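Trainee: In this note's numbering, the protein residues as written are 15 to 208.
Structural data, given as structure tokens:
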């Protein structure tokens, strides 16, 4: 779980090779330290009650019978534990009203700015491309080298502000995105190579 969550942002993804290498040599301190840091951030940043309310209403009911998928889930990197945990939680959690058209593609002729990180492990750019199919006045920007949640990265806040002020996607200046890049990997505890 820690490695997956480290992959969400370029500055923490840069640590993955180092913490995995250190763990492989028997030094679990860097990996454990990152796990504790991430856990503390999640506790203060995410309302798990809201998360469960949304997931138990909008996602888990679409899982259906996962019996046929059990071998694939067990072989997956995270295994089936996360799916089983959500099914257990949602068996007890109150559900909201789910509209019949929830799984239908969104259609709109309103201006829509879609933002993705090139290396987003949870909502990859392909998801925004699928959403854009029904959004006739949309523009999809992919932030190079970035992960999940690009709204505060580099010049993206200015692009978002320009979009809101113009209520249009046609003339947005996005050249500044070319300056974004993935962070270099840490090779030791001193950081990336010079």
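Every residue, glycine too, gets a C-beta built ideally from N, C-alpha and C. In this text, all values refer to a predicted model and were calculated from it rather than measured experimentally.
Report the CB separation of residue 194 from residue 160 in whole angstroms; it is logged as a contact under 8 Å.
Mentor: So it is a contact: roughly 6 Å between Cβ atoms.
Trainee: Straight-line CA distance for residue 139 to residue 131?
Mentor: The alpha-carbon atoms of residue 139 and residue 131 are separated by roughly 7 Å.
Trainee: Can you check which of these residues, 162, 68, 144 and 177, is closest to residue 113 by C-alpha distance?
Mentor: Here the closest residue by C-alpha is 68.
Trainee: When the Cα of residue 214 is compared with those of 200, 58 and 157, which residue comes out closest?
Mentor: Here the chain comprises residues numbered 15 to 208, so residue 214 is not present and cannot be evaluated.
Trainee: Taking the C-alpha atoms as reference points, what is the distance between residue 143 and residue 206?
Mentor: Spanning the two alpha carbons is a distance of roughly 33 Å.
Trainee: Applying the criterion that 16 or more other CB atoms from any shown protein chain within 10 Å of the CB defines a buried residue, is residue 16 buried or exposed?
Mentor: It is buried - the Cβ of residue 16 has at least 16 other Cβ atoms within 10 Å.
Trainee: Using C-beta distances below 6 Å, list every residue in its chain close to residue 26, excluding the 5 sequence neighbours before and after it, in chain order.
Mentor: 20, listed in sequence order.
Trainee: Would you tell me roughly how many angstroms separate the C-alpha atoms of residue 81 and residue 18, rounded to the nearest one?
Mentor: Cα to Cα, residue 81 sits roughly 25 Å from residue 18.
Trainee: State the DSSP-derived secondary structure class of residue 47, mapped to helix, strand or coil.
Mentor: Reduced to three states, the DSSP call for residue 47 is helix.
Trainee: In whole angstroms, what is the alpha-carbon distance linking residue 202 and residue 33?
Mentor: Rounded to whole angstroms, residue 202 to residue 33 spans 9 Å at the Cα level.
Trainee: What is the C-beta distance between residue 174 and residue 127, in whole angstroms, given that I count them as a contact (C-beta under 8 Å)?
Mentor: So it is a contact: roughly 7 Å between Cβ atoms.
Trainee: Would residue 123 pass as a contact of residue 150 if the rule is Cβ separation under 9 Å?
Mentor: Yes, the pair counts as a contact, with Cβ atoms nearer than the cut-off.
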